[in-house]
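There are 2 protein chains.
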Amino acid sequence: MNRRVWAPFAQNVALVTSGERIEMHAEGDGWWAAKINEPLSRTDYAFSLDGGDPLPDPRSPSQPDGPFGFSRPVDHARFNWTDAEWRPPPFGSAAIYECHVGTFSESGTFDGAIEHLGHVKDLGITHLELMPVAEFEGERGWGYDGVDLWAPHHAYGGPDGLKRLVDACHAAGLGVILDVVYNHLGPSGNFLQRYGPYHTDRYKTPWGDAINLDDALADEVRRFLCDNAVMWLRDYHFDALRLDAVHAIFDSSATHFLEQLASEVHALAEQVGRPLAVIAECDLNQPRLVIAPEAGGYGLDAQWSDDFHHAIHALMTGERSGYYEDFGSLADVAKALAQVYVYDGNRSRFRRRAHGRPVHGLTGERFVVCIQNHDQVGNRAMGERLGHLISREGLKIAAALLITSACVPLVFQGEEWAASSPFQYFVDYRDLKLAAAVRDGRRREFAHFFDDPEQVPDPQAPQTFMRSKLNWDEREHEPHREIFDWYRSLIAVRHRTPDLCDPRLEHTSVEFDEASHWLSIRRGKTLILCNFADLSRQLPMPDDASTLEIVMTSSPGVRIGERHILMPPSSVAILSKSQ
Amino acid sequence: MNRRVWAPFAQNVALVTSGERIEMHAEGDGWWAAKINEPLSRTDYAFSLDGGDPLPDPRSPSQPDGPFGFSRPVDHARFNWTDAEWRPPPFGSAAIYECHVGTFSESGTFDGAIEHLGHVKDLGITHLELMPVAEFEGERGWGYDGVDLWAPHHAYGGPDGLKRLVDACHAAGLGVILDVVYNHLGPSGNFLQRYGPYHTDRYKTPWGDAINLDDALADEVRRFLCDNAVMWLRDYHFDALRLDAVHAIFDSSATHFLEQLASEVHALAEQVGRPLAVIAECDLNQPRLVIAPEAGGYGLDAQWSDDFHHAIHALMTGERSGYYEDFGSLADVAKALAQVYVYDGNRSRFRRRAHGRPVHGLTGERFVVCIQNHDQVGNRAMGERLGHLISREGLKIAAALLITSACVPLVFQGEEWAASSPFQYFVDYRDLKLAAAVRDGRRREFAHFFDDPEQVPDPQAPQTFMRSKLNWDEREHEPHREIFDWYRSLIAVRHRTPDLCDPRLEHTSVEFDEASHWLSIRRGKTLILCNFADLSRQLPMPDDASTLEIVMTSSPGVRIGERHILMPPSSVAILSKSQ
Numbered sequence: 014m015n016r017r018v019w020a021p022f023a024q025n026v027a028l029v030t031s032g033e034r035i036e037m038h039a040e041g042d043g044w045w046a047a048k049i050n051e052p053l054s055r056t057d058y059a060f061s062l063d064g065g066d067p068l069p070d071p072r073s074p075s076q077p078d079g080p081f082g083f084s085r086p087v088d089h090a091r092f093n094w095t096d097a098e099w100r101p102p103p104f105g106s107a108a109i110y111e112c113h114v115g116t117f118s119e120s121g122t123f124d125g126a127i128e129h130l131g132h133v134k135d136l137g138i139t140h141l142e143l144m145p146v147a148e149f150e151g152e153r154g155w156g157y158d159g160v161d162l163w164a165p166h167h168a169y170g171g172p173d174g175l176k177r178l179v180d181a182c183h184a185a186g187l188g189v190i191l192d193v194v195y196n197h198l199g200p201s202g203n204f205l206q207r208y209g210p211y212h213t214d215r216y217k218t219p220w221g222d223a224i225n226l227d228d229a230l231a232d233e234v235r236r237f238l239c240d241n242a243v244m245w246l247r248d249y250h251f252d253a254l255r256l257d258a259v260h261a262i263f264d265s266s267a268t269h270f271l272e273q274l275a276s277e278v279h280a281l282a283e284q285v286g287r288p289l290a291v292i293a294e295c296d297l298n299q300p301r302l303v304i305a306p307e308a309g310g311y312g313l314d315a316q317w318s319d320d321f322h323h324a325i326h327a328l329m330t331g332e333r334s335g336y337y338e339d340f341g342s343l344a345d346v347a348k349a350l351a352q353v354y355v356y357d358g359n360r361s362r363f364r365r366r367a368h369g370r371p372v373h374g375l376t377g378e379r380f381v382v383c384i385q386n387h388d389q390v391g392n393r394a395m396g397e398r399l400g401h402l403i404s405r406e407g408l409k410i411a412a413a414l415l416i417t418s419a420c421v422p423l424v425f426q427g428e429e430w431a432a433s434s435p436f437q438y439f440v441d442y443r444d445l446k447l448a449a450a451v452r453d454g455r456r457r458e459f460a461h462f463f464d465d466p467e468q469v470p471d472p473q474a475p476q477t478f479m480r481s482k483l484n485w486d487e488r489e490h491e492p493h494r495e496i497f498d499w500y501r502s503l504i505a506v507r508h509r510t511p512d513l514c515d516p517r518l519e520h521t522s523v524e525f526d527e528a529s530h531w532l533s534i535r536r537g538k539t540l541i542l543c544n545f546a547d548l549s550r551q552l553p554m555p556d557d558a559s560t561l562e563i564v565m566t567s568s569p570g571v572r573i574g575e576r577h578i579l580m581p582p583s584s585v586a587i588l589s590k591s592q
Numbered sequence: 014m015n016r017r018v019w020a021p022f023a024q025n026v027a028l029v030t031s032g033e034r035i036e037m038h039a040e041g042d043g044w045w046a047a048k049i050n051e052p053l054s055r056t057d058y059a060f061s062l063d064g065g066d067p068l069p070d071p072r073s074p075s076q077p078d079g080p081f082g083f084s085r086p087v088d089h090a091r092f093n094w095t096d097a098e099w100r101p102p103p104f105g106s107a108a109i110y111e112c113h114v115g116t117f118s119e120s121g122t123f124d125g126a127i128e129h130l131g132h133v134k135d136l137g138i139t140h141l142e143l144m145p146v147a148e149f150e151g152e153r154g155w156g157y158d159g160v161d162l163w164a165p166h167h168a169y170g171g172p173d174g175l176k177r178l179v180d181a182c183h184a185a186g187l188g189v190i191l192d193v194v195y196n197h198l199g200p201s202g203n204f205l206q207r208y209g210p211y212h213t214d215r216y217k218t219p220w221g222d223a224i225n226l227d228d229a230l231a232d233e234v235r236r237f238l239c240d241n242a243v244m245w246l247r248d249y250h251f252d253a254l255r256l257d258a259v260h261a262i263f264d265s266s267a268t269h270f271l272e273q274l275a276s277e278v279h280a281l282a283e284q285v286g287r288p289l290a291v292i293a294e295c296d297l298n299q300p301r302l303v304i305a306p307e308a309g310g311y312g313l314d315a316q317w318s319d320d321f322h323h324a325i326h327a328l329m330t331g332e333r334s335g336y337y338e339d340f341g342s343l344a345d346v347a348k349a350l351a352q353v354y355v356y357d358g359n360r361s362r363f364r365r366r367a368h369g370r371p372v373h374g375l376t377g378e379r380f381v382v383c384i385q386n387h388d389q390v391g392n393r394a395m396g397e398r399l400g401h402l403i404s405r406e407g408l409k410i411a412a413a414l415l416i417t418s419a420c421v422p423l424v425f426q427g428e429e430w431a432a433s434s435p436f437q438y439f440v441d442y443r444d445l446k447l448a449a450a451v452r453d454g455r456r457r458e459f460a461h462f463f464d465d466p467e468q469v470p471d472p473q474a475p476q477t478f479m480r481s482k483l484n485w486d487e488r489e490h491e492p493h494r495e496i497f498d499w500y501r502s503l504i505a506v507r508h509r510t511p512d513l514c515d516p517r518l519e520h521t522s523v524e525f526d527e528a529s530h531w532l533s534i535r536r537g538k539t540l541i542l543c544n545f546a547d548l549s550r551q552l553p554m555p556d557d558a559s560t561l562e563i564v565m566t567s568s569p570g571v572r573i574g575e576r577h578i579l580m581p582p583s584s585v586a587i588l589s590k591s592q
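One line per chain: the protein sequences are A and B, in this order.
The letter at position 85 of the first sequence is residue 98 when you use my numbering, and the numbering goes up by one with no holes.
The letter at position 180 of the second sequence is residue 193 when you use my numbering, and the numbering goes up by one with no holes.
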């Protein structure tokens with residue numbers, strides 16, 4: 014067999030192992046190859062460009078010693094998969110659970126996660142979403158600074174561990190989504206720029222130079238990323254990918270990279286005979302991402318929409334700093350529920366410009382929404398969850414808004430029991446200058462919230478990571494048990510109520526009273542009534558309902574009267590009506 | 014009335030005239046206003062930001078003393094238009110004439126251009142296209158370094174002169190297109206960045222920072238440009254705009270600036286009751302620009318496609334340097350004729366990546382093509398026209414390919430008589446360092462073509478400009494007269510032959526023989542046969558034609574035989590067939 018690598022600027026390339034150095038031959042188009050025998054095909058290796066230090070393979074399938082170590086070959090044919098019959102639940106009726114492998118379980122590994130799949134399944138979740146697992150520097154991190162995009166992180170358990178987790182998910186009836194980062198590479202251990210023009214200075218991202226998708230030799234960079242996507246779905250049996258921050262992916266080509274990626278993934282789905290989805294995180298409020306290519310879109314399956322989160326968070330916490338200045342009213346929440354984007358062409362104060370475009374003609378299953386996720390929790394100075402900021406009753410209302418949404422709900426690990434642990438920002442760089450820069454940058458960012466900047470946790474400190482681990486024991490105790498039951502019941506109601514699974518936005522209508530602080534959602538024959546006030550409120554009875562039945566309520570005090578429904582302070586109720 | 018200006022970062026702004034200084038008041042959203050009386054409304058003025066030097070109005074309608082002078086008010090209501098009944102010819106049957114005001118006539122003014130409209134009309138042209146006229150520094154220049162985007166250049170004759178030219182065009186039955194530059198501003202005399210965030214460093218253009226269309230306060234920058242477009246069409250009665258190099262316009266907003274611009278122009282067309290078009294120059298081979306918004310496009314009316322030019326130029330000149338390395342075969346010409354883009358997703362050697370996307374479902378009237386234009390001629394070291402590079406017979410073949418195209422043909426001033434004058438690059442900067450930098454940059458660019466770099470004309474030298482002026486006397490003499498007659502006959506045939514005006518690309522098919530060097534185009538019942546070889550060629554007879562008639566030919570030697578058509582060396586013929 015051949016070991017191959019793309020290094021278009023190199024004059025010579027050698028394959029390096031601990032004992033050998035084999036000159037590779039140019040194959041054309043910047044590719045280099047070396048014939049290797051069977052033992053060598055199982056030996057750790059690296060590449061030396063123009064006589065330089067050995068560097069890991071850009072497509073390394075495993076980095077057992079981290080990004081600065083040798084690459085380890087992986088034979089994907091050798092794993093004993095048990096999921097031959099697997100077909101994922103339809104995405105339209107999905108309930109997603111976002112999980113960070115390192116803090117999800119005590120061991121912080123793929124195998125550790127397997128132990129908690131019963132809990133996830135019990136909650137009613139259909140898809141487990143893993144935060145990025147591609148090799149990043151250190152033993153702990155969020156994963157968005159990955160540098161070996163093909164290698165499952167060594168500290169999580171590497172390739173075999175990841176396969177065991179996906180296989181176990183499928184055995185439990187759970188689809189699995191992988192978060193992949195195609196907008197930048199991490200600051201430490203990234204050797205891609207040594208190999209070729211993976212980056213471009215034509216565009217800027219918040220994390221430095223953008224990935225080169227439209228300049229010279231970009232075809233091979235696009236191949237690198239598309240092949241990577243295909244690899245996770247084919248070799249690790251993932252059901253979907255979540256693309257991180259695609260608003261930082263710049264491409265002026267006639268065919269946008271995202272369209273190419275979605276098209277290749279969907280072609281793979283045809284080939285493997287099971288649905289495969291591509292979901293994008295995007296802050297552009299740009300419907301084009303999920304519009305079909307025939308209609309001029311990129312054809313992605315779904316996208317995250319942050320407005321839903323921001324509207325509910327700002328309303329319930331009263332926070333107005335940063336991007337929350339754009340939100341806070343019930344009108345915002347109502348618009349998010351009925352039209353997905355609160356900003357669909359109107360002016361954003363925070364952005365100081367018009368933002369977004371309406372989602373005309375699209376259904377809710379094209380949008381993933383949440384009231385908490387790793388970013389919204391973890392990008393706070395102290396990593397507070399929503400449950401740390403508002404009352405238990407408020408949390409129940411927010412959860413009901415999420416789970417009864419026409420969009421696809423996503424729950425962040427521990428949210429379902431109002432976990433006491435925060436989710437803080439943590440890294441583990443061996444370059445202490447970089448670690449200090451990250452710490453100081455973060456302290457500067459949050460300086461106006463604290464008298465003493467040292468109160469902001471140091472991302473490099475091991476305790477910051479440990480503090481963010483879930484405490485599984487607490488969920489058996491109140492108040493956590495009560496919140497868990499609430500989430501579980503909500504999700505069960507969603508699954509068994511066709512109105513709630515109906516993704517058609519035109520079947521969702523919202524009424525509200527900004528002054529009296531209540532909001533009422535009609536989804537077909539199902540009503541969700543929310544009283545955000547600290548006082549009881551009488552909500553109007555829908556005029557076409559002869560009978561109303563309580564499906565679920567956060568308070569025993571909900572009363573259905575002749576012309577009104579009495580809602581106790583801070584309460585939510587799901588009702589069904591017959592005509 | 015009020016004099017207003019947008020200066021969002023200023024603490025105070027004053028309106029300055031030669032005698033007065035009036036403090037302006039903040040109106041909100043960064044706008045400042047001052048009440049002015051009637052005499053003041055007719056007085057030259059400037060603005061002083063935070064006590065600084067007087068600067069011209071960003072929306073100055075006239076800069077009689079150039080970009081560094083005061084702004085002069087213009088009352089658009091005062092011009093006596095005579096074109097109330099004007100309706101432009103339909104764009105689908107257009108033949109465009111690109112004109113540089115400064116070199117088109119002896120006087121180099123708008124009024125000078127009027128003198129030659131009879132010639133343009135006689136040629137069969139439907140639309141005159143003016144290279145940019147917005148105020149740039151100096152007395153001579155191409156105009157792509159404009160800095161006062163609302164002010165017709167003082168040396169051309171200012172606002173009234175431009176109105177006289179447009180009015181005269183309409184009186185002659187000619188539509189008028191204006192070239193506008195919205196991708197960057199010139200290097201000298203640009204004060205916009207002093208007023209506000211008109212620029213962004215998020216994206217790079219070949220000419221520096223891009224225009225800010227999607228960052229903070231971009232709404233007002235977009236208003237500035239859209240209002241500018243509307244101003245030319247409404248106040249100067251232009252029929253269309255040609256947007257320079259839109260591939261250097263970067264916008265990640267959910268609604269692309271180009272879509273907004275097209276939509277505002279089309280709304281104006283409804284309002285004024287005559288068609289208005291937006292045409293983009295773009296090198297992305299991106300059909301989205303001219304796809305309807307309902308189908309996910311930007312809704313522009315047409316775009317330039319350079320592949321047509323490059324394919325024909327490379328074939329006929331044998332040149333293969335720069336972007337011509339991507340072209341040269343008859344197959345390229347055939348693809349350009351039948352499918353518009355030669356690069357529609359295939360790999361470009363020059364760009365070192367895949368390029369473009371097919372134009373499926375679009376018609377030829379969405380694409381403007383040429384065999385010469387200001388860039389293709391002027392961006393050569395010596396500014397040679399195609400007629401300076403190839404034989405007269407070759408030029409006739411190229412002209413026939415252009416004028417019989419399914420796309421909209423554009424002729425560059427003087428092309429129609431194979432003008433002897435070059436079109437060289439010229440500037441007139443008062444900053445001699447800048448002038449020297451431009452000269453040296455250009456000499457470096459072309460260094461490999463010349464032993465002595467001084468052979469490359471100095472853009473700043475007045476002779477470079479003078480040399481580029483058309484010599485109108487020569488067109489009465491051979492060989493110019495012959496070429497002019499050829500162009501005029503071709504355009505007349507195009508106008509009276511429905512097959513040739515038919516923009517449907519599926520009604521165009523092309524056969525060719527790369528080795529024998531002939532090409533045959535079928536457009537409905539009309540055939541265009543080209544023999545590029547220096548030898549006679551027998552071209553196959555179309556099998557469904559019982560009778561063939563010669564409509565036009567460049568050589569008396571064309572013979573229609575039983576099974577072949579004999580084409581003399583370097584010849585072209587237009588035939589019509591009946592079945």
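From the three backbone atoms N, C-alpha and C, an ideal C-beta is built for every residue, glycine too.
Inset, instruction - Please decide whether B:Y216 counts as near chain A, where near means a Cβ-Cβ distance under 8 angstroms. - result: B:Y216 has a beta carbon lying within less than 8 angstroms of a beta carbon in chain A.
Legend entry - Where B:D357 sits in the DSSP three-state scheme: If DSSP states are grouped into helix, strand and coil, B:D357 belongs with coil.
Legend entry - Any C-beta of chain A under 8 angstroms from that of B:L141: It does not: the Cβ of B:L141 has no partner Cβ on chain A nearer than 8 angstroms.
Legend entry - Counted within 10 angstroms of its Cβ, other Cβ atoms place A:N196 as buried (16 or more) or exposed: It is buried - the Cβ of A:N196 has at least 16 other Cβ atoms within 10 Å.
Legend entry - According to DSSP, residues forming a beta bridge with A:T521: Beta-bridge partners assigned by DSSP to A:T521: A:R536.
Legend entry - DSSP state of B:L343 mapped onto helix, strand, coil: DSSP places B:L343 in the helix class (H, G or I) of the three-state scheme.
Inset, instruction - Over the uninterrupted beta strand (DSSP E) stretch that includes A:L548, give me the two end residues. - result: Taken as a continuous stretch (DSSP letters only), A:L548 belongs to no beta strand (DSSP E), as it is neither H nor E.
Legend entry - Alpha-carbon to alpha-carbon, B:Y211 and B:N25: Each residue's Cα considered, the two are about 19 angstroms apart.
Inset, instruction - Below 8 angstroms between beta carbons is the criterion; list the residues of the segment 249-261 of chain A that meet it against any residue of chain B, in chain order. - result: When C-beta distances to chain B are compared with 8 angstroms, the residues of the segment 249-261 of chain A below that value are H260, in chain order.
Inset, instruction - Enumerate, from N- to C-terminal direction, the unbroken beta strand (DSSP E) stretches of 3 or more residues contained entirely within the segment 421-470 of chain A. - result: Runs of beta strand (DSSP E) with 3 or more residues, each lying fully within the segment 421-470 of chain A, are found at 421-425, listed in chain order.
Legend entry - Under 8 angstroms between C-beta atoms of B:V523 and B:L350: Taking 8 angstroms as the Cβ cut-off, B:V523 and B:L350 qualify as a contacting pair.
Inset, instruction - Identify, in the order they occur along the chain, each residue of the same chain with its Cβ nearer than 6 angstroms to the Cβ of B:F363, setting aside the five sequence neighbours on each side. - result: Answer for B:F363: Y336, E338 and D339, listed in chain order.
Inset, instruction - In the DSSP assignment, find the beta strand (DSSP E) that holds B:V7 and state where it starts and stops. - result: For chain B, the structure presents residues 14 to 592; residue 7 of chain B sits outside this window and is missing.
Legend entry - Beta carbon of A:D311 nearer than 8 angstroms to that of A:H250: Residue identity differs from the one stated: residue 311 of chain A is Tyr in this sequence, not Asp. Cβ atoms of A:Y311 and A:H250: not closer than 8 angstroms.
Inset, instruction - Give the straight-line distance between the Cα atoms of A:H129 and B:L230, rounded to the nearest whole angstrom. - result: Separation of A:H129 and B:L230 (C-alpha to C-alpha, rounded to the nearest whole angstrom) is 48 angstroms.
Legend entry - B:F514 (DSSP reduced to helix, strand or coil): One point to set straight first is that residue 514 of chain B is Cys, not Phe, in the sequence displayed. Helix at B:C514.
Inset, instruction - Taking A:D232 as the query, report the chain B residues whose CB atoms sit under 9 angstroms from its CB, ordered along the chain. - result: Result: R360, R365, R366 and A367.
Legend entry - Interface partners of B:G309 on chain A, CB under 8 angstroms: Correct list: R301, I304, A308, G309 and G310.
Legend entry - Minimum Cβ-Cβ distance from A:S265 to chain B less than 8 angstroms: The beta carbon of A:S265 sits closer than 8 angstroms to some beta carbon of chain B.
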